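Residue numbers (the numbering used here): 12 to 142.
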């Protein structure tokens, strides 16, 4: 699925929360990824916020993965830390559900993310694409 990733720079936690709440109430939002002072809204349609400074908007392909081997938040944090070094535009990992959503630029194969996840902690995690 083709999506857009809208990135906003926020001045404080209140601005970040306002953007997240607006995105969660937007019908075409797939997920929100907040890190440091940047909030990324992944949407199948247009998204705008009156809060924060819009940094950019990139398009990419949304990939849904099933991830086995995660037992706690540290597992999802380890995966996120490794994915941060890839060209992924945005991502979210849920250890409770054993899932992950990853937005990659067109032309980047999802196999990259599968390999990164599979290489962590001596192969503790296994990721597969959900159709």
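Beta carbons are placed, not taken as given, at the ideal position from N, Cα and C, and that holds for glycine.
Computed from a predicted structure; not experimentally measured.
- Taking residue 131 as reference, the option from 82, 89, 14 with the minimal CA-CA separation is 89.
- Membership of residue 26 in the alpha helix (DSSP H) is indicated by the continuous run 24-35.
- For residue 113, DSSP records a beta bridge to 74, 102.
- The beta carbon of residue 45 sits closer than 7 Å to those of 27, 31, all from its chain and outside the five residues before and after it, given in chain order.
- Taking C-alpha positions only, residue 70 is separated from residue 134 by approximately 31 Å.
- By the Cβ criterion, the segment 71-79 is in contact with the segment 106-121, since at least three pairs of Cβ atoms, one from each stretch, lie closer than 8 Å.
- In this chain, the beta strand (DSSP E) harbouring residue 15 covers 13-20.
- Within a 10 Å sphere around the beta-carbon of residue 63 sit 16 or more other beta-carbons, which makes this residue buried.
- For residue 84, no beta strand (DSSP E) encloses it; the enclosing alpha helix (DSSP H) starts and ends at 84-94.
- DSSP links residue 69 through a beta bridge to 16.
- DSSP places residue 54 in the uninterrupted beta strand (DSSP E) bounded by 49-54.
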